[in-house]
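As they're listed, the protein sequences go chains A and B.
All residue numbers for the first sequence refer to our numbering, where the first residue is 1 and numbers rise by one.
All residue numbers for the second sequence refer to our numbering, where the first residue is 360 and numbers rise by one.
Every residue, glycine too, gets a C-beta built ideally from N, C-alpha and C.
A quick write-up on the structure given underneath.
2 protein chains.
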Amino acid sequence: MADVAALAGVSSQTVSRVANGHPGVVETTREQVLAAMSELGYRPNSAARSLRYGRFNTIGVILFGLSSTGNSRTVEAIATQAATEGYAITLIPVGAPTQDNVMGAFTRMGELAVDGVILIIEVHLLDATAVALPPGVHVVVVDSDAGERYPVVDTDQADGARQAVRHLLSLGHRTVWHVAGPAESFSAERRTTAWRRALEEAGRPVPPLQRGDWSADSGYLAGLRLAGDPSCTAIFTANDQMALGVLRALHERGRRVPADVSVVGFDDLADASSYLPPLTTVHQDFAEVGRRCVEALLRQIHDEPAGPGTDLVPTRLVLRDSTAPPPPTAEPAAEPTEILIPAIPPGPTTAAESPAALT
Amino acid sequence: MADVAALAGVSSQTVSRVANGHPGVVETTREQVLAAMSELGYRPNSAARSLRYGRFNTIGVILFGLSSTGNSRTVEAIATQAATEGYAITLIPVGAPTQDNVMGAFTRMGELAVDGVILIIEVHLLDATAVALPPGVHVVVVDSDAGERYPVVDTDQADGARQAVRHLLSLGHRTVWHVAGPAESFSAERRTTAWRRALEEAGRPVPPLQRGDWSADSGYLAGLRLAGDPSCTAIFTANDQMALGVLRALHERGRRVPADVSVVGFDDLADASSYLPPLTTVHQDFAEVGRRCVEALLRQIHDEPAGPGTDLVPTRLVLRDSTAPPPPTAEPAAEPTEILIPAIPPGPTTAAESPAALT
DNA sequence: GGTCGTCATGTTTACGTAAACATGACTGCC
DNA sequence: GGCAGTCATGTTTACGTAAACATGACGACC
Numbered sequence: 001m002a003d004v005a006a007l008a009g010v011s012s013q014t015v016s017r018v019a020n021g022h023p024g025v026v027e028t029t030r031e032q033v034l035a036a037m038s039e040l041g042y043r044p045n046s047a048a049r050s051l052r053y054g055r056f057n058t059i060g061v062i063l064f065g066l067s068s069t070g071n072s073r074t075v076e077a078i079a080t081q082a083a084t085e086g087y088a089i090t091l092i093p094v095g096a097p098t099q100d101n102v103m104g105a106f107t108r109m110g111e112l113a114v115d116g117v118i119l120i121i122e123v124h125l126l127d128a129t130a131v132a133l134p135p136g137v138h139v140v141v142v143d144s145d146a147g148e149r150y151p152v153v154d155t156d157q158a159d160g161a162r163q164a165v166r167h168l169l170s171l172g173h174r175t176v177w178h179v180a181g182p183a184e185s186f187s188a189e190r191r192t193t194a195w196r197r198a199l200e201e202a203g204r205p206v207p208p209l210q211r212g213d214w215s216a217d218s219g220y221l222a223g224l225r226l227a228g229d230p231s232c233t234a235i236f237t238a239n240d241q242m243a244l245g246v247l248r249a250l251h252e253r254g255r256r257v258p259a260d261v262s263v264v265g266f267d268d269l270a271d272a273s274s275y276l277p278p279l280t281t282v283h284q285d286f287a288e289v290g291r292r293c294v295e296a297l298l299r300q301i302h303d304e305p306a307g308p309g310t311d312l313v314p315t316r317l318v319l320r321d322s323t324a325p326p327p328p329t330a331e332p333a334a335e336p337t338e339i340l341i342p343a344i345p346p347g348p349t350t351a352a353e354s355p356a357a358l359t
Numbered sequence: 360m361a362d363v364a365a366l367a368g369v370s371s372q373t374v375s376r377v378a379n380g381h382p383g384v385v386e387t388t389r390e391q392v393l394a395a396m397s398e399l400g401y402r403p404n405s406a407a408r409s410l411r412y413g414r415f416n417t418i419g420v421i422l423f424g425l426s427s428t429g430n431s432r433t434v435e436a437i438a439t440q441a442a443t444e445g446y447a448i449t450l451i452p453v454g455a456p457t458q459d460n461v462m463g464a465f466t467r468m469g470e471l472a473v474d475g476v477i478l479i480i481e482v483h484l485l486d487a488t489a490v491a492l493p494p495g496v497h498v499v500v501v502d503s504d505a506g507e508r509y510p511v512v513d514t515d516q517a518d519g520a521r522q523a524v525r526h527l528l529s530l531g532h533r534t535v536w537h538v539a540g541p542a543e544s545f546s547a548e549r550r551t552t553a554w555r556r557a558l559e560e561a562g563r564p565v566p567p568l569q570r571g572d573w574s575a576d577s578g579y580l581a582g583l584r585l586a587g588d589p590s591c592t593a594i595f596t597a598n599d600q601m602a603l604g605v606l607r608a609l610h611e612r613g614r615r616v617p618a619d620v621s622v623v624g625f626d627d628l629a630d631a632s633s634y635l636p637p638l639t640t641v642h643q644d645f646a647e648v649g650r651r652c653v654e655a656l657l658r659q660i661h662d663e664p665a666g667p668g669t670d671l672v673p674t675r676l677v678l679r680d681s682t683a684p685p686p687p688t689a690e691p692a693a694e695p696t697e698i699l700i701p702a703i704p705p706g707p708t709t710a711a712e713s714p715a716a717l718t
């Protein structure tokens, strides 16, 4: 900057004024400075700027896996929205959700040049560590039940699952089987809870849970188990990838979809419309989640009050070709299923039912 | 920092020494400083540090879409590798590949707190703009043909496509049809060129190109066209998603895979093993690409010479259930095939065996 | 016992920027 | 013609940190 000032024959302050588009610089001077800038390849030093302003114009994003479907779309939306607000995104991936890794991420984050942090992470993993969020740091959490302690933005998991179950029941299915995500995931738990609750509210039996791990392979294994049970005519999977595995298993076992078995997924991946058959699924608006995260965080950064609370983004059911009424002969006898009913633990019905939306 | 120093009754320099683990601080003093730090919630200001050191310990990543399959995995690998080297990742997404957007990204990048940049972007889009890479900025480019001008890291697209074509020919197919990616994409072009070349080298006819846009939907449309042509017994798609669409189209048209038509994809998505049927495809090692990018960039940052040149990451063919010899009646006359057989180069038979199912 | 070396700690300075204040030239008005 | 006001530009300063140098106490050795 001093070099530019010297070359242009002005003071560094004038260079600063030109660089920031401040008024009060005569056109001829301006041009000299600009010429000197481009001749010397001058680029402002953002570290010095940050030091001067006390802001970094950067948002940190801590997450486990970018590859997991939704995350990459959420992050993209966050990055895009942040860019329009003049903020950049710093990514802090955490390899495995171990205590050490999470602690490490937080230690690094403390030293990071960020004005706030968006956590795409199961917060209870943080609770397991001794590390708390640094007190002065602005935070928004995605996909978690931390609504009482932090501002949370999330998809309305419960309503999505409810829509899926009700759709299947309305087609005439006696009940709906569920392939759940991993127990450590709050999203998975919320979908499972809502599924159970929707069945209970309708007075239907709750079949035993099939546990998957989000992967298509785990869906395939669950599908193989379900394919052997003729009473199973409707399956709700906690994500589309597991639905893909279920479809494959049913196909291999000769169970037609949707003639014999109906399947509903969750996520509405771009590919879901090309599955065999095209998948009826619950659409998640990842982009909207990302957008609201950034807005909520920037509100905090700009000193507007933002207490804890959960901001839910609605879902909608996308009807395609994987659901239909059950085959007429599908239900041999009601008895065995009825026996199962009492055996099912009622489970927590206190789960995060739609808390009031923010704003 | 001054506050900490005051509270601990030492100078700020001593605080600095403690913060950076420098030697020459007596244990009792050290403890006082640490106590003062935690009492005041002191965290070092990274802007000041960067200003002092002239380094940011941050790598910028410019890309178009995080959602596009490979990108998110590459970025994740970049972030992970960078983290182990003590670097953070700043993401600069470019919405649509318009000239304005690219220029905007570069302008922002110039002011960004990064020591180097990884471009996951078609570089010819840059050429279309008036903006050049700022001269002093270290750069590594992914997935581009800019090898003569910049260091490039990329998957060995050509060899992957060649493996796919040779595999199909070696099964006895007379020729291989191709569903290509968009013409603007260098990856797509390289795969297409290698497909054509492999056919020509084997003396096989080159069927008309089917153009897609990477999406499953575009694959579906191409698949519908190909399904109507009984001479088409082998299809190589430029990615797995389009293969998914092709599979759906063939299924809807009653063409069995692999009995009637064989299909090979490219990418080896996690889901590809759950397609109907599980897809034979070319495996890309995105993680390795990301790792090499970071290494190459850090070499530059640490002042080791790094001229232009392309670093190719090998691919491997993963055999699953979507390929088989052509149906006996598919070839109207045996003559051409017999003539052609000797023309088939032995080709790599090193393909990976169907991976064991997950447990 | 004086000198020198060692070691813990303090003081000064510079990194690049931009706000706040200072300067000086020029305009317009009485 | 002198004075006030305006406007372009220059000067000073501070942001938080850490390297370089300075200080001063203490111990060891001749």
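query: Val75 of chain A: contacting residues in chain B (beta-carbon distance under 7 Å); result: Leu425
query: Every unbroken beta strand (DSSP E) inside the segment 197-242 of chain A [3 residues or more]; result: 234-237
query: Endpoints, beta strand (DSSP E) assigned at Gly160 of chain A; result: Premise fails: Gly160 of chain A lies in the alpha helix (DSSP H), Gln157 to Ser170, not in any beta strand (DSSP E).
query: Reference Tyr360 of chain A, options A:Leu226, A:Cys293 and A:Leu51, closest by Cα; result: No information on residue 360 of chain A is available, as it lies outside the stretch 1 to 359 that chain A covers here.
query: Contact belief for Gly219 of chain A with Val261 of chain A at Cβ below 8 Å, rounded distance in angstroms; result: Going by Cβ atoms, the distance from Gly219 of chain A to Val261 of chain A rounds to 13 Å, so no, they are not a contact pair.
query: Cβ pair Val392 of chain B, Val363 of chain B closer than 9 Å; result: yes
query: Through-space distance from Val165 of chain A to Glu335 of chain A, alpha-carbon basis; result: Its pLDDT being 42, under 50, Glu335 of chain A is placed unreliably in this model, and the coordinates cannot settle the point.
query: Burial state of Gln372 of chain B (16 or more Cβ within 10 Å); result: exposed
query: Contacts that Ile448 of chain B makes with chain A (C-beta to C-beta distance below 7 Å); result: Thr90 and Leu91
query: DSSP state of His661 of chain B mapped onto helix, strand, coil; result: coil
query: Nearest-angstrom Cβ-Cβ length linking Ile477 of chain B and Leu635 of chain B, presumed shorter than 8 Å; result: The pair is not a contact, with the Cβ atoms about 37 Å apart (cut-off 8 Å).
query: Residue range of the alpha helix (DSSP H) that includes Ala6 of chain A; result: Ala2 to Ala8
query: Selection from A:Leu91, A:Gly86 and A:Thr193 that minimises the alpha carbon distance to Ile437 of chain B; result: A:Leu91
query: Segment contact flag, the segment 179-196 of chain A with the segment 223-242 of chain A, C-beta cutoff 8 Å, min 3 pairs; result: yes
query: Boundaries (first-last residue) of the alpha helix (DSSP H) holding Ser397 of chain B; result: Glu386 to Leu399
query: Within-9 Å CB hit, Asp588 of chain B to chain A; result: no
query: Same chain, Cβ closer than 7 Å to His283 of chain A, five either side skipped, listed in chain order; result: Asp268, Thr315, Arg316 and Val318
query: Residue-chain proximity (Phe56 of chain A, chain B), Cβ-Cβ < 9 Å; result: yes
query: Within-9 Å CB hit, Asn404 of chain B to chain A; result: yes
query: Beta-carbon gap between Ile121 of chain A and Val75 of chain A smaller than 9 Å; result: no
query: Cβ pair count under 8 Å reaching 3, the segment 247-254 of chain A against the segment 222-231 of chain A; result: yes
query: Same chain, Cβ closer than 7 Å to Ser370 of chain B, five either side skipped, listed in chain order; result: Ala364
query: Counterpart residues of Ile421 of chain B in DSSP-defined beta bridges; result: B:Ile451 and B:Leu478
query: CA nearest to the CA of Asn416 of chain B, picked from B:Asp474, B:Thr551, B:Leu558 and B:Trp554; result: B:Asp474
query: Interface positions of the segment 638-649 of chain B facing chain A (Cβ-Cβ less than 7 Å), listed along the chain; result: none
query: Under 8 Å (Cβ pairs) to chain A, residues found in the segment 598-618 of chain B; result: Gln600, Leu603, Gly604, Leu606, Arg607 and His610
query: Pairwise C-alpha distance: Arg108 of chain A and His138 of chain A; result: 15 Å
query: Interface residues of chain B facing Leu368 of chain A [CB-CB closer than 9 Å]; result: Not covered by the structure: residue 368 of chain A. The range shown for chain A is 1 to 359.
query: 9 Å Cβ cutoff, Asp627 of chain B in contact with chain A; result: no
query: Any chain A beta carbon closer than 9 Å to Asn430 of chain B; result: yes
query: Burial state of Asn430 of chain B (16 or more Cβ within 10 Å); result: buried
query: Residue-chain proximity (Asp271 of chain A, chain B), Cβ-Cβ < 9 Å; result: yes
query: Option nearest Met360 of chain B by Cα separation, candidates B:Gly424, B:Val648, B:Ala407 and B:Val512; result: B:Ala407
query: Other residues of its chain near Leu171 of chain A: CB distance less than 8 Å, five sequence neighbours each side excluded; result: Ala234, Ser262, Thr323, Ala324, Pro325 and Pro326
query: The alpha helix (DSSP H) enclosing Ser12 of chain A, as first and last residue numbers; result: Ser12 to Ala19
query: Inter-residue CB distance, Ala441 of chain B and Ile418 of chain B (contact presumed, cutoff 8 Å); result: 5 Å
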